[in-house]
Amino acid sequence: MHNSYYQSCQKNAGNNDREKRKALIHQTKSAWLQKLTSLDHEEDDPGTTWNKDARKRDKGRMSPRMAWRAIQAGLPSNAIISSDIGNNCAIGNAYPTFEEGRKYLAPGLFGPCGYGFPAILGAKIGCPNVPVVGFAGDGAFGISMNEMSSCNRKEWPSVTMVIFRNYQWGAEKRNSILWFDDNFVGTELDPELSYAKVAEGCGLKGVQVKTQQELTEALKKSCEEQKKGVTTFIEVILNQELGEPFRRDAMKKPVKVAGINAKDMRPQRT
Ligand SMILES: Cc1ncc(C[n+]2csc(CCOP(=O)(O)OP(=O)(O)O)c2C)c(N)n1
Ligand SMILES: [Mg+2]
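Residue numbers (the working numbering): 4 to 273.
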């Protein structure tokens, strides 16, 4: 009985309901794509208002999802891309599609901030005739930007680097506001710093973009210009909306165990 069962499995292995499964995948994918095109903003968890406030505070600015749609429109179909660890990059994982393999470099399970920029430099060295675009948040880019001091040398091939400028360590802030009643500490970045200007200072091309159209055009142009030896840093000015926190499933709201009493403290020495 078992034998004949396995034999029939082998003959038809994988073909059972194949068309039905294909149709389901197709249907699920296109429904998801349709949903993505209609999503502009991030939701707030009950009891928090960060995203609502962020939209109000920076009314004219693009949200992360608006930026990613503009990127979708400007990214060459044969591009190699790299990603980083952060909230904008995590939102972005849903957007690009690939027609071939070996096109997507992601930091993976170690989750190191600062992966996107060096990874895309390496990709271009490996595939000098393919357009390459790296992505990083402004915090992660800040801890890897020292390569800007080397990548303009003549023997280095050209890349495009997109920097999501939301002036915060967004992913860290997202967990903080979720578990600490909309509060955060230590997650603000310097609003005076311009990565586009740093690029210019390194003899590279720096562009600041504020709209979807500017972003799409800058991306297309920079990929063209890679052929002429131009490396471009696109600094994308964004509002401070934040998407899903990472590892929501693995964390719990902190509970007070003992608490702190001022009387337990030693008096401060003067
Ligand atoms: C080397 C390293 N340091 C710290 C972290 C923790 N970490 C994960 S995401 C993140 C914030 C990233 O901020 P940013 O690059 O500005 O992206 P955003 O979340 O704002 O889009 C940090 C500090 C990490 N993953 N890797
Ligand atoms: Mg950031």
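Using N, Cα and C, we set each Cβ at its ideal position, and we do this for glycine too. All values derive from a computational prediction rather than experimental measurement.
Check                                                                                                                                                   : Outcome
From G3 to F167, what distance separates their C-alpha atoms?                                                                                           : Past the edges of the chain, shown from 4 to 273, lies residue 3, and the structure says nothing about it.
Going straight from the alpha carbon of I263 to that of E175, what length do you get?                                                                   : 24 Å
Can you give me the C-alpha to C-alpha distance between K38 and E238, rounded to a whole angstrom?                                                      : 27 Å
Check T234 in the structure and name its three-state DSSP category.                                                                                     : coil
Looking at the structure shown, is V201 part of a helix, part of a strand, or coil, going by DSSP?                                                      : helix
Flag this pair as yes or no: are the beta carbons of R156 and P248 separated by less than 8 Å?                                                          : no
Name the two residues that bound the continuous beta strand (DSSP E) containing F167.                                                                   : 163-168
Cutting at 8 Å between CB atoms, please list the residues of its own chain near E103, excluding the five before and the five after it.                  : N81
Compute the beta-carbon to beta-carbon distance between D48 and L181, rounded to the nearest angstrom, for a pair I have assumed lies under 8 Å.        : 6 Å
Any residue with its C-beta under 7 Å from a non-hydrogen atom of ligand 1 counts. Can you list them all in chain order?                                : D87, I88, G89, N90, N91, C92, G114, P115, C116, G117, A139, G140, D141, G142, A143, F144, I146, F167, N169, Q171, W172, G173, A174, E175, L192
Between T52, K32, F183, P67, which lies nearest to L241 when the distance is taken from Cα to Cα?                                                       : P67
Among the candidates V136, A97, N169, whose CA atom is the shortest distance from the CA of K32?                                                        : A97
Tell me which residue opens and which closes the beta strand (DSSP E) that F138 is part of.                                                             : 135-140
Take I83 as the anchor and find which of G129, G204, G117, K55 has the nearest alpha-carbon.                                                            : G129
Which residues mark the beginning and the end of the beta strand (DSSP E) in which I83 is found?                                                        : 83-85
Any heavy atom of ligand 3 inside 7 Å of the beta-carbon of G125?                                                                                       : This structure does not include ligand 3; its bound ligands are ligand 1 and ligand 2.
Starting from K208, trace the beta strand (DSSP E) both ways and give me its first and last residue.                                                    : 208-212
Tell me whether I28 sits in a helix, a strand or coil according to DSSP, three-state version.                                                           : helix
Would you list, in sequence order, the uninterrupted alpha helix (DSSP H) runs of no fewer than 4 residues that lie entirely inside the segment 57-103? : 67-77, 90-95
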